[in-house]
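A quick write-up on the structure given underneath.
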Amino acid sequence: MESILKENLFDQVSTKFPKSVEKKSTSSIAQKLLIPFYDRKRTISLEEIVRLEGSGNYTNFFLKDGTRMLVSRTLKEYEELLDGEAFVRVHKSCIVNLGYVRRFYVKKEGELELNDGQQVKISRRRAQNFMDRIRNFQPTPLR
Numbered sequence: 012m013e014s015i016l017k018e019n020l021f022d023q024v025s026t027k028f029p030k031s032v033e034k035k036s037t038s039s040i041a042q043k044l045l046i047p048f049y050d051r052k053r054t055i056s057l058e059e060i061v062r063l064e065g066s067g068n069y070t071n072f073f074l075k076d077g078t079r080m081l082v083s084r085t086l087k088e089y090e091e092l093l094d095g096e097a098f099v100r101v102h103k104s105c106i107v108n109l110g111y112v113r114r115f116y117v118k119k120e121g122e123l124e125l126n127d128g129q130q131v132k133i134s135r136r137r138a139q140n141f142m143d144r145i146r147n148f149q150p151t152p153l154r
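Position one of the sequence shown corresponds to residue 12 (our numbering), numbered consecutively onward.
This is the structure we're talking about:
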């Protein structure tokens, strides 16, 4: 009986990634992600995400209400899922929502400031892509 319980637990824990993280809607206004968080799945609107930071096989979500969530998926997996218009990878370990960029500082190495006051470095290799994307970005009203 104990081995049956262990097998059931393993099956729940090892669900395939596309089933545990998915876009809920194709409409750009109401896109949401279903992400695994602790022992349940949480639905998050893309408008709530300020930035994502990768740390090995984990990703930290920083939300506009100040919530920080650690998820056991790589940043690359989320980069492929997120809306290409609003999100841009600015560093090996960071993706930002362009709707939350307050300022961009041109220095030897680029740096940007987000609405929550955090400063994020931009890698030299990704700086031109960021500049192109921020110029063409049409912000949607943030709630």
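Note that beta-carbon positions come from the ideal geometry of N, C-alpha and C, so glycine has one too.
Note that the structure is predicted; figures quoted are calculated from it, not measured.
Nearest to residue i by alpha carbon, out of the options?
i	options	result
Ala97	Ser104, Val61, Gln129 and Leu74	Val61
Gln130	Gln139, Asn140 and Val117	Val117
Ser104	Lys43, Gln139 and Leu86	Leu86
Gly121	Tyr111, Val107, Val101 and Gly110	Val101
Arg137	Asn126, Ile46 and Ile106	Ile106
What did DSSP end up calling residue i once you bin it into helix, strand or coil?
i	result
Gly110	helix
Asn71	strand
Tyr116	strand
Leu93	coil
Lys87	helix
Phe141	helix
Determine which residues share a DSSP beta bridge with residue i and list them.
i	result
Gln130	Glu124
Met80	Phe72
Ser66	Tyr69
Pro47	Lys52
Phe98	Asn108
How should residue i be labelled, buried or exposed, when 16 other C-beta atoms within 10 angstroms of its C-beta is the threshold for buried?
i	result
Tyr69	exposed
Asn108	buried
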